[in-house]
Ligand SMILES: [Fe+2]
Ligand SMILES: [Fe+2]
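Numbering (full-length UniProt numbering), first residue to last: 1 to 204.
This is the structure in structure tokens:
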């Protein structure tokens, strides 16, 4: 049963993470692409939250098989999330924000808040991910120490990224859609594509 849940969840997020058959056109606007990436991230966050919530349960409410499956799922999701948020933050910081800053300024405003949140998320995620491999390998029972060191920080990261995405969708992207000219939107989208292409090139 747990194996089934795992393969279903895995299929779901792999499907969502697949490169879209159509390349986002410059005319779709940069926020279209970023919102699609937000959707894929939100799906992973939901699955991470499910696994963490299972692992946080008292031992008498879990099964060894369920613990093993949720640990494996958590490890794979963390890897997938890392691959996604790094490039996504770069697209915002290097393509969208510099152009939007021409309209709303960079300091003491929403752009500065978003950049600070990126730093906070990167740092929290880095610390959390470093602790995951030994936790996932360990066969020791999950105790209060593990809950505080690994599982609670994981849930805080999920919360942090969700709030961040919500602010961008509700505030920053709306400002971008109403402020940028069509020409600027095309320029930002093209810059985002070149970041993706450069990252793909680095992977090869
Ligand atoms: Fe962001
Ligand atoms: Fe974003």
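Beta carbons are placed, not taken as given, at the ideal position from N, Cα and C, and that holds for glycine.
The beta carbon of residue 41 sits closer than 8 angstroms to those of 81, 84, 85, 88, 161, 165, all from its chain and outside the five residues before and after it, given in chain order. At least one heavy atom of ligand 1 lies closer than 6 angstroms to the C-beta of residue 168. Between the beta-carbon of residue 129 and that of residue 77 there is about 11 angstroms, and that puts the pair past the 8 angstroms contact cut.
Nearest to residue 102 by C-alpha distance, out of 135, 155, 188, is 188.
Here residue 154 is actually not in contact with residue 34; their C-beta atoms are around 24 angstroms apart, not less than 8 angstroms. Residue burial is scored here from C-beta neighbours: residue 126 has fewer than 16 other C-beta atoms within 10 angstroms and is therefore classed as exposed. Taking one beta carbon from each stretch, the segment 139-146 and the segment 97-115 have fewer than 3 pairs nearer than 8 angstroms; the two do not touch.
Its Cα nearest to that of residue 95, the residue 195 stands out among 110, 199, 195.
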